[in-house]
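Protein chains in written order, with the working numbering: chain A, 1 to 321; chain B, 1001 to 1384.
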């Protein structure tokens, strides 16, 4: 038994976190709000691909790293911490194991009707009845949607979109199920990273902000809000890592463990977002402070790939068949 | 990451499971089927029989060295034992305050003579220890203790009062903090003393807790004389005047995982799943799944903590987060149990008793308000 990242896993995550600290500061997330369709930062995406982030789950023989979810999940946490706008869960966690390495920017409708970064995608992984198909975005009617988090850059499939020319990927229910679980767990990891980022930013802010002649972080009411966020994170991150282990080995508890991770990550991130805004006060209630970039991503992702009720019911079904 | 148990650990689990199953059945039969609560006078005697059985099987304190009555088990094996213990439905440990709260301090600060003289008798439930920290005016604010210890020829003279002393009315010994420097304030000038409760001048009065059991006591010291040799190896743990430092080592154990391991809550959650499956109410079913997740999260978080401890880390302020989690989890679990029972929740029974006991969790070992302050200041680094 060793419930910790290996030195390799830690080094991989830290290297990605270092890259994102330089290449994906809040200003870069804001840039993704404004960039025209097709103009998402490709240089950063190329750097992530170069580090192997996008092909962790692809076998070495096919040009990937040939590693498993226990390597990718901590990296996705780091992506969440930077609020990276790119569809890294959709590409690296969901599409790459099915489509292979060097697939560009891929998005999917498996996590919900609003396909993240659909306006920038090189390929779409779509559900077509019980099958998964790969489609060319140019060949499918997509309708951009206005999302609260504009960095989602989302679009929907037009009603009655024609997928007859799309390339079949799989019609195996087990593979479809694994893709859904990978998306849910990857999103849980991103939410843990977002929650950590909101906590860190708020801790720094309440130590600086003075009212009544003292830092507001010295007030117990503020401390207790933030202690509750730390408490939730301390007990949610291990659930996410454990589910990565379960998924990597395809253990019989996969549905239970993945859904428990997503349900708890949803709750931890919602709590972090609520506490972060409250503790920032009016300064957080603006689009000028960076906090809103993290809040809005959180609100989107807690309901993508299954909300808390959906995943809790799935845990209940696994526990009480 | 490696989330598998070794063959040796699996064998340890199997041995514990077999022993517990056989011995619990025998003990229950000897108690006429249903043992009384360990926090009543009648029940306490029954539970001592159970404790002695554990000692004879070398399960009373598995992580201790063999010379003191343990089996030198690793932290991992200790965790496995706890899991099996509560899964089997074994009773709460009436010896826990000695074994889980005092013993870690004796291992860290005790002399060889104290270790030899105290630990084995503690594991064998021959000496029964209660914690003498709280006083009428010193609850969460432990550093405000007023009970005094005055140095005299051949020992100490104790004055003052301790209270809310769990199982004090049934115990033989008390470990406590006493102000030995009359001019001192707060955490300075305190001495950690080991006191036989039959010392002259000591009076113990049991009283009812919220659930009515005589689980509490107040202990009065009226010029009580504590001879230097009243406990083998001496009555001072650590150095005189260093009591706060010694006591803080124990709070880490109390708040952290040693007192309340995940096995206990997982076992409760499993029982609730069975109740919820029968109830068929979708809201209660969802709440049962959520409660189970929270118990499981405590287990996973503990595996991460033990990984760090096994690598040589010391328990730090994170223990406050652990205490917040398990105490609020216990309330959540029992609240759900009452809702599953519906109108029968008012009946006196294991769940209603468990509910009342769960409500003490956010209060003892430092209230959860204090724990949130500690977590915010020492884990997150917020200004004091």
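Cβ atoms here follow ideal geometry from the backbone N, Cα and C, with glycine treated the same way.
If one requires a minimum length of 4 residues, the alpha helix (DSSP H) runs lying completely within the segment 1027-1087 of chain B are 1041-1056, 1075-1087, in chain order. Look at the beta carbons and you see the segment 1010-1020 of chain B not touching the segment 207-220 of chain A: under three pairs across the two are nearer than 8 Å.
Residues of the same chain with a CB within less than 6 Å of the CB of residue 1245 of chain B, apart from the 5 flanking positions on each side, do not exist. Under the DSSP definition of a beta bridge, residue 1129 of chain B partners with B:1173.
Residue 1170 of chain B places its beta carbon 9 Å or farther from that of residue 1191 of chain B. Per DSSP, residue 1356 of chain B lies in no beta strand (DSSP E); the unbroken alpha helix (DSSP H) holding it starts and ends at 1350-1358.
Annotation: Cβ neighbours of residue 260 of chain A in chain B (cutoff 7 Å, chain order): 1293, 1296. Out of A:119, A:27, A:32, the CA that lies nearest to the CA of residue 156 of chain A is found in A:119. For secondary structure counted as the alpha helix (DSSP H) over 4 or more consecutive residues, the segment 88-176 of chain A holds these complete runs in sequence order: 96-99. For the 9 Å CB-CB criterion, residue 1224 of chain B and residue 1109 of chain B do not form a contact.
The beta-carbon of residue 1006 of chain B is placed less than 9 Å from the nearest beta-carbon of chain A. Proximity of chain B to residue 252 of chain A at the Cβ level (cut-off 7 Å) is not reached, the minimal Cβ distance being about 14 Å. According to DSSP, residue pairing for residue 1221 of chain B in a beta bridge involves B:1160, B:1202.
Looking at the DSSP output, residue 1192 of chain B bridges to B:1177.
Going by DSSP, residue 1149 of chain B is part of the beta strand (DSSP E) stretching over 1148-1152. If you look at residue 1368 of chain B, you'll find it in the alpha helix (DSSP H) that goes 1368-1374.
Among the residues of chain A, those whose CB is under 7 Å from the CB of residue 1383 of chain B are 207, 215, 217, 218, following chain order. With respect to chain B, the C-beta atom of residue 9 of chain A has a partner C-beta closer than 9 Å.
Residue state for residue 1243 of chain B is assigned as helix, using DSSP reduced to three classes. When beta bridges are read from the DSSP output, residue 1271 of chain B appears opposite no residue. Cα atoms of residue 1213 of chain B and residue 284 of chain A: separation of roughly 51 Å, rounded to the nearest angstrom.
Legend: CB atoms of the segment 288-319 of chain A lying less than 8 Å from CB atoms of chain B belong to residues 309, 312, 313, 315, 316, 319.
Separation of residue 244 of chain A and residue 1366 of chain B (C-alpha to C-alpha, rounded to the nearest whole angstrom) is 35 Å. Taking residue 1299 of chain B as the centre and dropping the five residues before and after it, the same chain places the C-beta of 1262, 1266 closer than 7 Å to its C-beta, in chain order. For residue 1229 of chain B, none of the residues of chain A pass the 7 Å Cβ criterion, the least Cβ distance being about 44 Å. DSSP places residue 232 of chain A within a helical segment (H, G or I) once states are collapsed to three. Taking a Cβ-Cβ cut-off of 8 Å, the neighbours of residue 236 of chain A in chain B comprise 1297, given in sequence order. Against residue 263 of chain A, the close residues of chain B are 1293, in the order they occur along the chain (beta-carbon pairs closer than 7 Å).
Under a criterion of Cβ atoms nearer than 7 Å, the residues of chain A adjacent to residue 1276 of chain B are, in order, 320.
Note on geometry: alpha-carbon atoms of residue 1228 of chain B and residue 1199 of chain B lie some 12 Å from one another. Following the DSSP letters along the chain, one finds residue 310 of chain A inside the alpha helix (DSSP H) bounded by residues 308-319. Per the DSSP secondary-structure output, residue 288 of chain A pairs with nothing in a beta bridge. DSSP lists A:215 as the beta-bridge partner residues of residue 210 of chain A. For residue 1018 of chain B, the closest alpha carbon among the candidates B:1059, B:1051, B:1357, B:1195 is that of B:1059. Annotated as proximal: residue 1193 of chain B and residue 1236 of chain B, with beta-carbon spacing under 9 Å.
Contact annotation: the segment 1123-1140 of chain B touches the segment 1151-1167 of chain B, with at least three C-beta pairs closer than 8 Å.
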